[in-house]
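Taking it in order: structure first as structure tokens, then the write-up.
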């Protein structure tokens, strides 16, 4: 950008805002997102991220639509790829972790993704409805009525782990380990987890990978009625099946992408309902409003805040002319509240029509597990309201995590059942 | 193209992943069978639906949708 346009765009202000956003400690990022979106062209350089943060709906959506110009092959540029090349454990970890199809472009992406074509169809997902309900009832039943407790660690975190464990065919007694493994693996994507902490996370992730490798081998030898069996036999678009390591990497991705995001949805969803009692009343009276309410929860406060793309050629984003190789951080919550696209965007409106939020992103990388996430949201809230119609906010404050810029869900969400 | 011009839409349904994005973008053009796999309800939609059809194309994670103009030239 030239000096002149830099001044015109208030780059100094923007730099301070981006910095405040990125360096942590922000409890509520939404005012910052709104300021960045409305400042200049809504595209702002971040020194810390070494890329431009893109905040407007149309820009985010068109970047997501154009996978050949804006590549997802970014793994080697992000914190998740940090490793010690002398350490054999690290190398083994990176060999698997680098194969996730969210970091691949077509045709590799299409080939891997085609393995999932039977996995999340309406019929497949419909089969899991009873399971999600059962897990929800089981886990909720552990809490006494009328006493304040934090729903995040015990319930919100356990539901998705229990569901995915069942879906994959992991036995119930393995769930605590499975949860520990999943969280360790997820933490390898968190830039703040470094040094010995990262070493431990990698060691634990390898236990997960080894477990999944065994699962894949077993299901190949003796298929059952579960997701891993489905994946090992589904032929790709190229007519082959995925290799064992390639497949186990994608199964691991389901955990890292599915667990924490669903946990976050439960926390932000409850918070939005407590903050909007008329919406809560309406849903209590008419459960057919739940699917729309879940979409609005996803729009208003998405589980994933940033996605990375790199430009494969010189591009123009907003008013910025950027050279090939430029890194773009797509800011989904800012786009989801863009007044150019959504009427009254800061309002939580469960009746919102044409709610094409970007929380599952758009284009070829549209979340493969979206149908499962939506199902879990709907069934969990349905069961909560059935069993505990008077659920209310606790006295202690609900606090967001402030150390992770990519996932800013609630760390605590006190409730009274 | 006049407003009465027709597009041609085709899908490689064997590669469909039933994510439903096309139906949400262009519900009169794309449908689903009992299993959720894509079907084409209207193989020759009016060009007035071009924007919706292109959105459907973009929404497809498997890129199985093909769109042609009236002369049969691919639009995507």
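Protein chains in written order, with our numbering: chain A, -6 to 410; chain B, 58 to 133. The beta-carbon is built from N, C-alpha and C at its ideal position, and this holds for glycine as well. Bear in mind the structure is a predicted one, so any value in this text is a computation, not a measurement.
Bridge partners of residue i, per DSSP?
i: residue 96(B); result: 88(B)
i: residue 411(A); result: In the structure as shown, chain A starts at -6 and stops at 410, and residue 411(A) therefore has no counterpart that could be examined.
i: residue 36(A); result: 47(A)
i: residue 122(B); result: 68(B)
i: residue 130(A); result: Bridge partners of residue 130(A): none, in fact.
i: residue 64(A); result: 303(A)
i: residue 313(A); result: 310(A)
i: residue 103(B); result: 63(B)
i: residue 94(A); result: In DSSP, residue 94(A) forms no bridge with anything.
i: residue 393(A); result: 403(A)
Under 8 Å, do residue i and residue j count as touching if we go by C-beta distance?
i: residue 86(A); j: residue 198(A); result: yes
i: residue 113(A); j: residue 116(B); result: no
i: residue 406(A); j: residue 263(A); result: yes
i: residue 249(A); j: residue 161(A); result: no
i: residue 230(A); j: residue 72(B); result: yes
i: residue 122(A); j: residue 368(A); result: yes
i: residue 47(A); j: residue 320(A); result: no
i: residue 317(A); j: residue 331(A); result: no
i: residue 90(A); j: residue 66(A); result: no
i: residue 122(B); j: residue 113(B); result: yes
i: residue 29(A); j: residue 9(A); result: no
i: residue 376(A); j: residue 292(A); result: no
i: residue 380(A); j: residue 133(A); result: yes
i: residue 68(B); j: residue 124(B); result: no
i: residue 108(A); j: residue 227(A); result: yes
i: residue 225(A); j: residue 238(A); result: no
i: residue 403(A); j: residue 303(A); result: no
i: residue 288(A); j: residue 111(A); result: no
i: residue 75(B); j: residue 93(B); result: yes
i: residue 20(A); j: residue 408(A); result: no
i: residue 25(A); j: residue 42(A); result: no
i: residue 305(A); j: residue 61(A); result: yes
Mind checking residue i: buried by the 16 CB within 10 Å criterion, or exposed?
i: residue 189(A); result: exposed
i: residue 1(A); result: Unreliable placement is indicated for residue 1(A), whose pLDDT of 47 sits below 50; the coordinate value is still reported in the next sentence. The residue in question, residue 1(A), is exposed, as its Cβ has fewer than 16 Cβ neighbours within 10 Å.
i: residue 278(A); result: exposed
i: residue 194(A); result: buried
i: residue 92(A); result: buried
i: residue 322(A); result: buried
i: residue 135(A); result: exposed
i: residue 38(A); result: buried
i: residue 119(B); result: buried
i: residue -4(A); result: Low per-residue confidence applies at residue -4(A): pLDDT is 40, beneath 50, and the placement is therefore not dependable, though the value from the model is reported in the following sentence. The residue in question, residue -4(A), is exposed, as its Cβ has fewer than 16 Cβ neighbours within 10 Å.
i: residue 77(A); result: exposed
i: residue 44(A); result: buried
i: residue 174(A); result: buried
i: residue 58(B); result: At residue 58(B) the pLDDT is 48, less than 50, meaning the model places this residue with poor confidence; the figure from the coordinates comes in the next sentence. Looking at its Cβ environment, which holds fewer than 16 other Cβ atoms inside 10 Å, residue 58(B) is exposed.
i: residue 185(A); result: exposed
i: residue 151(A); result: buried
i: residue 129(A); result: buried
i: residue 393(A); result: buried
i: residue 329(A); result: buried
i: residue 256(A); result: buried
i: residue 397(A); result: buried
i: residue 102(A); result: buried
i: residue 298(A); result: buried
Kindly give me the distance between the Cβ atoms of residue i and residue j, rounded to whole angstroms, as I take these residues to be in contact under 8 Å.
i: residue 290(A); j: residue 258(A); result: 6 Å
i: residue 153(A); j: residue 33(A); result: That belief does not hold up - the Cβ atoms of residue 153(A) and residue 33(A) are roughly 39 Å apart, past 8 Å.
i: residue 126(A); j: residue 372(A); result: 5 Å
i: residue 158(A); j: residue 171(A); result: 5 Å
i: residue 272(A); j: residue 343(A); result: 5 Å
i: residue 64(B); j: residue 107(B); result: 6 Å
Over the uninterrupted alpha helix (DSSP H) stretch that includes residue i, give me the two end residues.
i: residue 156(A); result: 151 to 161
i: residue 88(A); result: 81 to 90
i: residue 143(A); result: Element bounds for residue 143(A): not the alpha helix (DSSP H) but the beta strand (DSSP E), 141 to 143.
i: residue 247(A); result: 237 to 268
i: residue 223(A); result: 220 to 226
i: residue 213(A); result: 188 to 214
i: residue 27(A); result: 23 to 31
i: residue 284(A); result: 283 to 293
i: residue 102(A); result: 101 to 107
i: residue 78(B); result: 78 to 82
i: residue 118(A); result: 115 to 120
If I follow the unbroken beta strand (DSSP E) through residue i, where does it start and stop?
i: residue 324(A); result: 320 to 324
i: residue 308(A); result: 308 to 310
i: residue 303(A); result: 299 to 304
i: residue 127(B); result: Where residue 127(B) is concerned, there is no enclosing beta strand (DSSP E), given that its DSSP letter is neither H nor E.
May I ask you to check if the CB of residue i is nearer than 7 Å to at least one heavy atom of the ligand ADP?
i: residue 209(A); result: This structure lacks the ligand ADP; in fact it carries no ligand of any kind.
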